[in-house]
Amino acid sequence: MTTSGKEIQIGDGSLRVGDRVVYPNQGICRITGVEVKQIAAGHSLEMVLLKREEDGATVMVPRAKVMGIGLRKVASAEIIDEVFDYLASPNDDPQLDWKVRHRENADKMTGGGLFGTAEVLKGLHALTRIRPLPQKERELYDSARHLLLGEIAAACNISMHTAEDNLDYALFPPAGMKRKGVELKLIAPVVALPLKGMRSADDDLGFEDEDEEDVAEVAPAGASEESEEDGEAEEEKPKRKLQLVPKGGGAVKAARSESKAKPAAKAAKSAKEKKPAKAAAPAKAAAAKKPAKGDKPKSAVKAKKGKS
Amino acid sequence: MIRIVTLGEFPPDVLDHVQRRLHAAYGMGCELQGEAKLPKSALDQALGGYDGAKLIDQIDDDTELYGDDKLLYLTTAPISAPLGPMGKGPTDGFAQQGAGKCVVSSALLGGKNQLSLEAGLAKRAAHYVGHLWDLHHCYDPRCAMHPGWAPGFLQYPEVALCLFCREKSEKKIKLGQG
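If you're matching them up, the sequences are chains A and B in order.
Mapping of the first sequence onto this note's numbering: residues 1 to 308, in sequence order.
Mapping of the second sequence onto this note's numbering: residues 1001 to 1178, in sequence order.
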């Protein structure tokens, strides 16, 4: 038995048959009536019938649970304006702890209303400026965007396309875009990460840091090697064959070969110490460049002694 | 099938490039359907261009769409959109989200700080056709669904969809075919 009279009040009395409502996580629906449904033998429930505008699907909600699931009227244009104020405001720092973020986002999507959805979208959007979203959050980002667009379009009576453009004028402000007379800050373009950067941050194993350290270590070391070379070249040209770090291999290449050749380099260092006359010039250069390091001046002193 | 109708003159090689890029992006056939005239009634002097939604509604075009066909209008005239909560912003086309028709403008392409006509039109076309499959804007600057005014759109002229947008469009295409 369906009752579709407009006088029927639903929920807290603010909803009536024919109203456009927002069903959390489903989108814009229209209340089409109230029906008593036989659930099991001897059990019947009064159901509110909703028709989803997007695809015409019918959704049934027990009348007693209408308020519990967060069914509400479509927001007014004034509320939408406030949402745009929020979206256009400078970025919040995104929540980096994925567990907290996941819980918060789930709560906001189901019970946070329009602002909850906007917060989820803005939070995830801010996160995309740091790293690409994992699949589940990418889906949530798309879903939040879709729900928000549906409500903006319905509230402002504009097309979904216009609503999306407006939403992104706030999230990716074009040059000269203003909100209530204040020019929005241009946000630096999201860095398109190379494949190496596409992994999620949760599996950060610290290899990048190691690489950086290696490069940082090696770049000056390479420079000192160069100076060593120069010094050697002046004294004894045949010694070039003993170079352990490949010449002209670039910083990273040199870093890798350096890490492999570290034990060999140590051996070479001790060999140099044993043959101080040949190593005198590079040691001088190293000592002049890096006076702070303890071992280099030592070897320089030794080298000097050897030379004398 | 993606059907293209021109509302102005375009070099054949540009149209050929757009067809190829659309085919590559969505894995669907793409063919040039013919020409039509811009409906003058859709011109909105106040906004300084043709109202995209009105243009699609009022265009005199007898192209028939079957099943999951999508219709893409290409024009050299500027397109405008009704004012929304953020006011006036850059617009280079209009799409009926999740429906069948879209219009793309080549206005400003080939100018200073803009993509070439060929590359820009192909990318814009892929973007608006994506909206027809209900794709939303994407934050990835390499993706064709990245907003057209964002710097990333210029930075990456290749027509490509990110993994998420590609999968979503493939699902929609399969559903449409079903």
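Idealized CB from N, CA, C, for every residue including glycine.
Classify Ala41/A: buried if its beta carbon has 16 or more other beta carbons within 10 angstroms, exposed otherwise.
The residue is exposed, with fewer than 16 neighbouring Cβ atoms inside 10 Å.
Quick check: Thr1063/B and Gln1033/B, are their CB atoms within less than 7 angstroms of each other?
In this structure, Thr1063/B lies near Gln1033/B, with their beta-carbon atoms less than 7 angstroms apart.
Residues near Arg63/A by beta carbon distance below 7 angstroms, same chain, minus five either side:
Hits under 7 angstroms: Ile10, Val34, Glu46, Met47, Val48.
Using 7 angstroms as the threshold, is the C-beta distance between Val1005/B and Ala1122/B below it?
Cβ distance not < 7 angstroms, so Val1005/B and Ala1122/B don't count as in contact.
Is there a C-beta anywhere in chain A that falls below 7 angstroms from the one on Pro1012/B?
So, not an interface residue.
Could you say which of Ala1025/B, Trp1133/B, Arg1003/B lies nearest to Glu1031/B if we only look at CA atoms?
The residue with the shortest Cα to Cα distance from Glu1031/B is Arg1003/B.
For chain A, check one thing: does any of its Cβ atoms lie closer than 7 angstroms to the Cβ of Ala1081/B?
Residue contact check for Ala1081/B against chain A: a CB pair falls below 7 angstroms.
When we look at the beta-carbon of Met109/A and count the other beta-carbons within 10 Å, is it buried (16 or more) or exposed?
Counting C-beta atoms within 10 angstroms of its own C-beta, Met109/A has 16 or more neighbours from the protein chains shown and is therefore classed as buried.
May I ask which residues mark the beginning and end of the alpha helix (DSSP H) holding Pro1151/B?
First-last of the alpha helix (DSSP H) with Pro1151/B: 1151 to 1155.
Beta-carbon proximity of Val1104/B to Ala1126/B, cut-off 7 angstroms
Here Val1104/B is not near Ala1126/B, since their CB atoms are 7 angstroms or more apart.
DSSP state of His1146/B, grouped into three classes?
Assignment of His1146/B by DSSP, reduced to helix, strand and coil, places it in the coil class.
Look up Cys1165/B in the DSSP assignment and say whether it is helix, strand or coil.
Looking at Cys1165/B - three-state DSSP - the assignment turns out to be helix.
Taking only beta-carbon positions, decide if Asp168/A is within less than 7 angstroms of chain B.
Chain B, which has a Cβ nearer than 7 angstroms to the Cβ of Asp168/A, makes this yes.
How close, in whole Å, do the beta carbons of Gly1084/B and Cys156/A come, if the pair is a contact with beta carbons under 8 angstroms?
The C-beta distance from Gly1084/B to Cys156/A rounds to 6 angstroms, short enough to meet the 8 angstroms contact threshold.
Note down, in chain order, all residues in the segment 1142 to 1164 of chain B with a beta-carbon under 8 angstroms from any beta-carbon belonging to chain A.
The segment 1142 to 1164 of chain B vs chain A, Cβ under 8 angstroms: Arg1142, Pro1147, Trp1149, Ala1150, Pro1151, Gly1152, Gln1155, Tyr1156, Phe1164.
What separation, rounded to the nearest whole angstrom, lies between the Cα atoms of Ile1173/B and Val182/A?
Taking C-alpha positions only, Ile1173/B is separated from Val182/A by approximately 42 angstroms.
Within 10 angstroms of the Cβ of Asp142/A, are there 16 or more other Cβ atoms? Answer buried if so, exposed if not.
Residue burial is scored here from C-beta neighbours: Asp142/A has at least 16 other C-beta atoms within 10 angstroms and is therefore classed as buried.
When you compare the segment 1104 to 1120 of chain B with the segment 121 to 140 of chain A, are there three or more beta-carbon pairs, one atom per stretch, that lie closer than 8 angstroms?
The answer is no - the segment 121 to 140 of chain A does not touch the segment 1104 to 1120 of chain B, with fewer than three Cβ pairs under 8 angstroms.
Since Gln1058/B contacts Ser1041/B with CB under 8 angstroms, what's their CB separation in whole angstroms?
The C-beta distance from Gln1058/B to Ser1041/B rounds to 5 angstroms, short enough to meet the 8 angstroms contact threshold.
Short CB-CB distance (under 7 angstroms) between Met160/A and chain B
Yes - at least one Cβ of chain B is within 7 angstroms of the one on Met160/A.
Please list the terminal residues of the continuous beta strand (DSSP E) segment that includes Ser89/A.
Where Ser89/A is concerned, there is no enclosing beta strand (DSSP E), given that its DSSP letter is neither H nor E.
Out of Ala126/A, Pro173/A, Gly111/A, Thr117/A, point me to the one whose CA is closest to His146/A's CA.
Closest by alpha carbon: Thr117/A.
So Pro174/A contacts chain B; which residues on that side make the cut at Cβ distance below 9 angstroms?
In chain order: Gly1089, Pro1090, Pro1147, Trp1149, Ala1150.
For Val1103/B, the three-state DSSP class (helix, strand or coil)
In the structure shown, Val1103/B sits in a strand (DSSP, three-state: E or B).
How would you call Leu360/A, buried or exposed, if buried means at least 16 neighbouring beta carbons within 10 angstroms?
This structure cannot settle anything about residue 360/A, because the visible part of chain A is limited to 1 through 308.
Would Pro1151/B and His1137/B be called neighbours here (beta carbons separated by less than 7 angstroms)?
Taking the C-beta atoms as reference points, His1137/B is found no nearer than 7 angstroms to Pro1151/B.
Would you say Gly1084/B lies against chain A (beta-carbon separation less than 7 angstroms)?
Yes, contact with chain A.
Interfacial residues, the segment 1125 to 1136 of chain B to chain A, with Cβ spacing under 7 angstroms:
Going along the segment 1125 to 1136 of chain B in chain order, one finds His1131, His1136 with a Cβ nearer than 7 angstroms to chain A.
When you compare the CB positions of Lys1168/B and Leu1135/B, do they come within less than 7 angstroms of one another, or not?
In this structure, Lys1168/B places its C-beta atom within 7 angstroms of the C-beta atom of Leu1135/B.
Indicate the three-state DSSP secondary structure (helix, strand or coil) for Leu50/A in the structure shown.
The DSSP-derived three-state label of Leu50/A is strand.
Residues bridged to Ala1095/B [DSSP beta-bridge criterion]
As computed with DSSP, Ala1095/B is found in a beta bridge with Cys1102/B.
Cβ pair Ala1095/B, His161/A closer than 7 angstroms:
Yes, the Cβ-Cβ distance between Ala1095/B and His161/A is below 7 angstroms.
Simplified DSSP assignment, three categories, for Arg145/A:
Arg145/A: helix per DSSP, three-state reduction.
Could you spell out the range, first to last residue, of the alpha helix (DSSP H) harbouring Pro132/A?
Where Pro132/A is concerned, there is no enclosing alpha helix (DSSP H), given that its DSSP letter is neither H nor E.
Closest to Arg16/A by C-alpha separation, out of Gly27/A, Ile31/A, Val22/A, Pro24/A, would be which residue?
Comparing Cα-Cα distances from Arg16/A to each of Gly27/A, Ile31/A, Val22/A, Pro24/A, the minimum goes to Ile31/A.
Taking 7 angstroms as the threshold (beta carbon to beta carbon), is Ala1042/B in contact with chain A?
No, because no Cβ of chain A sits closer than 7 angstroms to the Cβ of Ala1042/B.
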